[in-house]
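Peer 1:
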Amino acid sequence: MTREEALDKLKATSAHLRGQAARALGDVGLGTDLPRIRNAQREETVTYVNYALQETIRRLAKEQAPAPSADEANVVSGEVRKQIYGKAMEWITGFLLHEISSPIGLVRLAAKRELGEHWDGSGTKQHLEAVTRVFDAIELLKNAASVPRPQEFDLSALVDELLDVYGPENREWISTIGARPFLIKSDPSLVRMVVANGIRNAIEAQQVATAQPSPHDVTISWGNTDVDYWLAVVDHGGGITGPIETAFEIGNSTKKDHIGFGLAIARQAVETMIGSLTLEPAKHGGALYTARWRK
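The opening position of the sequence shown corresponds to residue 127 in my numbering, with each subsequent residue numbered one higher.
1) Hey, Asn-296 and Gly-388 are a contact pair by Cβ (cut 8 Å); roughly how many whole angstroms apart?
2) If you pair each beta-carbon of the segment 131 to 150 with each one of the segment 158 to 168, do three or more pairs fall below 8 Å?
3) Based on the DSSP output, what are the partners of Phe-279 in its beta bridges?
4) Assuming Gly-152 is part of the alpha helix (DSSP H), what are its boundary residues?
5) Of the residues Gly-242, Pro-276, Ser-227 and Phe-279, which one's Cα is nearest the Cα of Glu-255?
6) Less than 6 Å between C-beta atoms, sequence neighbours within five positions excluded: which residues of the same chain meet that for Thr-341?
7) Quick one: what does DSSP say Gly-401 is sitting in, helix, strand or coil?
8) Using DSSP with H/G/I as helix, E/B as strand and the rest coil, what is Ser-301?
9) So, for Lys-135: in the same chain, excluding its five sequence neighbours on each side, which residues have a beta-carbon less than 6 Å away from its beta-carbon?
10) Can you tell me which residues form a DSSP beta bridge with Gly-349?
11) When you compare each of Ala-331, Trp-419 and Tyr-292 to Trp-348 by their alpha carbons, which one comes out closest?
12) Would the segment 361 to 368 and the segment 315 to 333 be scored as touching if the rule is three or more Cβ pairs under 8 Å?
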């Protein structure tokens, strides 16, 4: 779609065409088009088209704005940027859950009623369950960005609880290293998100590895320093494929039937606790997952 066609289609009667035009202008639009796009955005009544126009306005305005000086760029610290991002994440995910969850529920009820005995095993049920999994993940992402509620609990007991869901055939090649009990003061729900993701990824990586699992193939360790707590999970699975940073992007997964929210949720949770999460190749193959968060 050319720039001229996109500008003309901003006034189309079809919301689909207006949405296509809005997205196209994000790539081919010029700063001089901003007045027309802003006017279209003010008049747009369809939510997803309005959001597409807002994103296009943001991109074009950013291209038009002069680059900030080094001093200006450093006014806001990285820590504050993460906090701002977390607040935005909480608001956006809350909005999505509020606006879309109810219509999805109504679609499910209508589909069950209309399909009757054909509901079980239907493609409609399968696809709606996939949508439900996405919304469950969005809710976790929202919770990961919520204000921490610290309380004292035993991190070693949490690790044991999360390992209890795996059978003895898996437990024989999983090791833990750390003080017992290991009392910490943090938000237990946020810590659970971080620990659960690290354990799940390591065990799944080991399960699909070609080599037969052996003792200590997955090792979970924990401890603390003067200023923070830490937890690390190392596996001897197939290792990391592709750029590491893309693994943390929402919706990015190399695993079948995974929606790709796990690492994004874990990173948001640890950043909410003023910490960091890293994923890197392990020394002898596999991956090393390390979380640190402030005491």
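Even for Gly, the Cβ is constructed at its ideal location relative to N, Cα and C. Just so you know, these numbers come straight off a predicted model, no measurement behind them.
Peer 2: This is what the structure gives:
1) As a first step, residue 296 must be located in the sequence shown, where it is residue number 170. As a first step, residue 388 must be located in the sequence shown, where it is residue number 262. Going by Cβ atoms, the distance from Asn-296 to Gly-388 rounds to 18 Å, so no, they are not a contact pair.
2) Look at the beta carbons and you see the segment 131 to 150 touching the segment 158 to 168: at least three pairs across the two are nearer than 8 Å.
3) What you label residue 279 is simply residue 153 of the sequence shown in a count that begins at 1. Ile-310.
4) Here residue 152 corresponds to residue number 26 of the sequence shown, with the count starting at 1. Element bounds for Gly-152: 141 to 154.
5) Numbered from its first residue, the sequence shown carries residue 255 at position 129. It is Ser-227 whose Cα lies nearest to the Cα of Glu-255.
6) Along the sequence shown, one-based indexing puts residue 341 at 215. It should be pointed out that residue 341 corresponds to Pro in this sequence rather than to Thr. In chain order, Trp-299 place their CB closer than 6 Å to the CB of Pro-341, counting only its own chain and leaving out the 5 sequence neighbours on each side.
7) Indexing the sequence shown from 1 puts residue 401 at position 275. In the structure shown, Gly-401 sits in a strand (DSSP, three-state: E or B).
8) In the sequence shown, residue 301 corresponds to position 175, counting from 1. Strand, per DSSP.
9) Within the sequence shown, the letter at position 9 stands for residue 135. If we look at Lys-135 and ignore the five residues flanking it on each side, its Cβ neighbours are Leu-143 and Ala-147.
10) Stepping through the sequence shown from its first residue, residue 349 is reached at position 223. According to DSSP, which records beta bridges pairwise, Gly-349 is partnered with Trp-356.
11) Position 222 of the sequence shown holds residue 348. Comparing Cα-Cα distances from Trp-348 to each of Ala-331, Trp-419 and Tyr-292, the minimum goes to Trp-419.
12) The answer is yes - the segment 315 to 333 touches the segment 361 to 368, with three or more Cβ pairs under 8 Å.
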